[in-house]
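Quick notes on the structure that follows.
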Amino acid sequence: MFRWFLPTLVAIVVGLLVLLGALLPIPTLASLRADLVRGAAIIAAFAMVLAFANVLRVHFGRLVSRQAKQRFASLILLVSAIATFVLVLLQGPGGVAARTIVGSVLIPGQSALLALTAVTLVLAGVRLLRTRRRLSSALFLIVALLMLWTTVPMVYPGILETGMRFVEAVSTGSMRGLLLGVALGTVVTGLRIILGIDRPHSGG
Amino acid sequence: MANQMIALGLALIGAVALAVTGIYQRRKTHGETIVPLFKAFPNEVGRVAEEGRAIHVALGSGGILGEQSMVSVAALQGLSGLTELSTAYDTPPTVTTGDPTLYLLAENQVRDGYARLGSAESYRFGTVRFVAPSPIAYAAMAATVTSDESLGASINLGSFDQEISLLAHAAVVKNVALYGGAASPQGAAALYPILRGDHIAIGEELFSGGAEATGRSGFWAGLATQDILRWLVIAGIVAVAVASLLGLGG
Numbered sequence: 004m005f006r007w008f009l010p011t012l013v014a015i016v017v018g019l020l021v022l023l024g025a026l027l028p029i030p031t032l033a034s035l036r037a038d039l040v041r042g043a044a045i046i047a048a049f050a051m052v053l054a055f056a057n058v059l060r061v062h063f064g065r066l067v068s069r070q071a072k073q074r075f076a077s078l079i080l081l082v083s084a085i086a087t088f089v090l091v092l093l094q095g096p097g098g099v100a101a102r103t104i105v106g107s108v109l110i111p112g113q114s115a116l117l118a119l120t121a122v123t124l125v126l127a128g129v130r131l132l133r134t135r136r137r138l139s140s141a142l143f144l145i146v147a148l149l150m151l152w153t154t155v156p157m158v159y160p161g162i163l164e165t166g167m168r169f170v171e172a173v174s175t176g177s178m179r180g181l182l183l184g185v186a187l188g189t190v191v192t193g194l195r196i197i198l199g200i201d202r203p204h205s206g207g
Numbered sequence: 180m181a182n183q184m185i186a187l188g189l190a191l192i193g194a195v196a197l198a199v200t201g202i203y204q205r206r207k208t209h210g211e212t213i214v215p216l217f218k219a220f221p222n223e224v225g226r227v228a229e230e231g232r233a234i235h236v237a238l239g240s241g242g243i244l245g246e247q248s249m250v251s252v253a254a255l256q257g258l259s260g261l262t263e264l265s266t267a268y269d270t271p272p273t274v275t276t277g278d279p280t281l282y283l284l285a286e287n288q289v290r291d292g293y294a295r296l297g298s299a300e301s302y303r304f305g306t307v308r309f310v311a312p313s314p315i316a317y318a319a320m321a322a323t324v325t326s327d328e329s330l331g332a333s334i335n336l337g338s339f340d341q342e343i344s345l346l347a348h349a350a351v352v353k354n355v356a357l358y359g360g361a362a363s364p365q366g367a368a369a370l371y372p373i374l375r376g377d378h379i380a381i382g383e384e385l386f387s388g389g390a391e392a393t394g395r396s397g398f399w400a401g402l403a404t405q406d407i408l409r410w411l412v413i414a415g416i417v418a419v420a421v422a423s424l425l426g427l428g429g
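Protein chains in written order, with the numbering used here: chain A, 4 to 207; chain B, 180 to 429.
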């Protein structure tokens, strides 16, 4: 009973209260919703501790394992993770060490990786003609090239501008359609959990 | 205020529709395929188990507390059949997540797969891994899992943006079977050029995974409810367009 009944009951009650708190103009419900969301944030912080322990354990396992090929990478990861944890624990998230790590290591590293996605996206575009030799693929590439071309600041011929406006209208409409579908899926998945039909928290 | 009332109305209609279609769907048998991607997973598990390799499941950076929570839940539901089958073969997938709350949920699902088979103690630590908390770092770290380990297939399903191209690229370079799905237009656009039509789920297709993987009537009722709500939204859009064309309303 405690395996699924209690978590399901909590999910239903909390889900309903948060939904109604967001949609109904009742101050008590709104404040209850804020408290519940704050509680969820605290639980998420505990989840972060468990996830951090998982990172340490997985990489420590790789470090001591004989078969592991990437021992050096795991060693670097472990040293950086523990050092960052200790420094932030001592100085707090606003401390000099934390700010230096974020500003000098994390942000530049992530920017470099983001730049790398541009390369992988171009390679993906090239592969398109190999995986799908269809009219839609050609259209996809033409639109992508047009979009890239028109991001360069210069004067374009009138026909190209009209074409781009048409493409923009079509792509915006399609994107909204896609997002609307996702929103409906989100609503229904949430409702299934609130109604107890679906229990992702207890594996059902 | 008016927007909140519309949202509440939509939620109420959705709840009623879910209950009604749920009763109707119970009497039906479900064999149809909506998104071929989810039907491909059982064969893939069998093939990979025969080759003695593993499957990498990347669930993305969506958590349970953010906007993308339901996308992550839907991705997990779509993979429930896969996790159960691969635990039955005792070749559990390596699951990576970029959010601590999703990590707990995914670990719970894989553990449950073993528990249902009556061998909860067979769960191996490290099957589900939290790799990094930001989307781009997550994609890079998960790509190393695809590159390093002896994989037969890589499944990237969940909350992704353009960073999914790093993961997909790693799978293509390693020449492993690649499947994927993303709800966001950026993620879908990054996957579209690489994947075949039957290996991809775009946008709301991701939400049909639970129905296809489990065949449970509750999930099929959810899909029917989605259709009802979609028609209501379309009717609303048309009504507003006609009203503004006639100069009615604000």
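All C-beta atoms, glycine included, are put in the ideal place defined by N, C-alpha and C. These numbers come from a predicted model, not from an experiment.
Under the DSSP definition of a beta bridge, B:I234 partners with B:A332.
Contact between B:G401 and A:V191 holds: CB atoms are separated by about 5 Å, below the 8 Å threshold.
The three-state secondary structure of B:I379, taken from DSSP, is strand. Collapsing the DSSP output to three states places B:S338 in a strand.
Counting only the Cα atoms, A:P10 lies some 14 Å from A:I46. Among the residues of chain B, those whose CB is under 7 Å from the CB of A:T120 are Q341, E342, S344 and L345, following chain order.
Flagged as an interface residue toward chain A: B:S313, by a C-beta distance shorter than 8 Å. Listed along chain B, the residues sitting closer than 8 Å to A:V58 by beta-carbon distance are R308, F309 and V310. Of the residues assessed, B:M180 falls on the exposed side of the cut-off, its CB having fewer than 16 other CB atoms within 10 angstroms. Residues of chain A with a Cβ closer than 8 Å to the Cβ of B:H348 are, in chain order, T123, L126 and A127. Residues of chain B with a Cβ closer than 8 Å to the Cβ of A:D38 do not exist; the shortest Cβ-Cβ separation is about 15 Å. Residue state for B:R395 is assigned as coil, using DSSP reduced to three classes. Between the segment 8-23 of chain A and the segment 183-200 of chain A there are three or more inter-stretch CB-CB distances shorter than 8 Å, so the stretches are counted as touching.
As the crow flies, the alpha-carbon of B:T212 is around 30 Å from that of A:V129. Look at B:Q204: its C-beta is not under 8 Å from any C-beta on chain A. Within the segment 66-96 of chain A, there are no complete beta strand (DSSP E) runs of at least 3 residues. Taking all protein chains shown into account, B:A196 has 16 or more neighbouring C-beta atoms within 10 Å of its C-beta and is therefore buried. Residue pairing by DSSP places B:R308 opposite B:T275 in a beta bridge.
For B:E223, not one C-beta of chain A is nearer than 8 Å to its own C-beta. Identification of chain A residues near B:A319 by a Cβ-Cβ cut-off of 7 Å yields L116, ordered along the chain.
When C-alpha distances from B:G394 are compared across B:G201, B:L191, B:I185 and B:G188, the shortest belongs to B:G201. The shortest C-alpha to C-alpha distance from B:N335 to any of B:P272, B:S313 and B:G397 is the one to B:P272.
The beta-carbon distance between B:A332 and B:V214, rounded to whole angstroms, is 17 Å. This is too long to meet the 8 Å contact definition. Listed along chain A, the residues sitting closer than 8 Å to B:Y282 by beta-carbon distance are A50, L53, A54 and N57. Under the three-state reduction of DSSP output, B:L357 falls in the strand class. With respect to B:L255, B:L238 sits close: the two C-beta atoms are nearer than 8 Å. For A:A101, no CB of chain B lies under 8 Å from its own CB, so it is not counted at the interface with that chain. Under the DSSP assignment, B:S298 falls outside any alpha helix (DSSP H); it carries neither an H nor an E label. Nearest to B:L330 by alpha-carbon distance, out of B:V310, B:V307 and B:N354, is B:N354. At a cut-off of 8 Å between beta carbons, B:D377 makes no contact with chain A. For B:A253, the chain A residues whose C-beta falls within less than 7 Å of its own C-beta are G188 and T192, listed in chain order.
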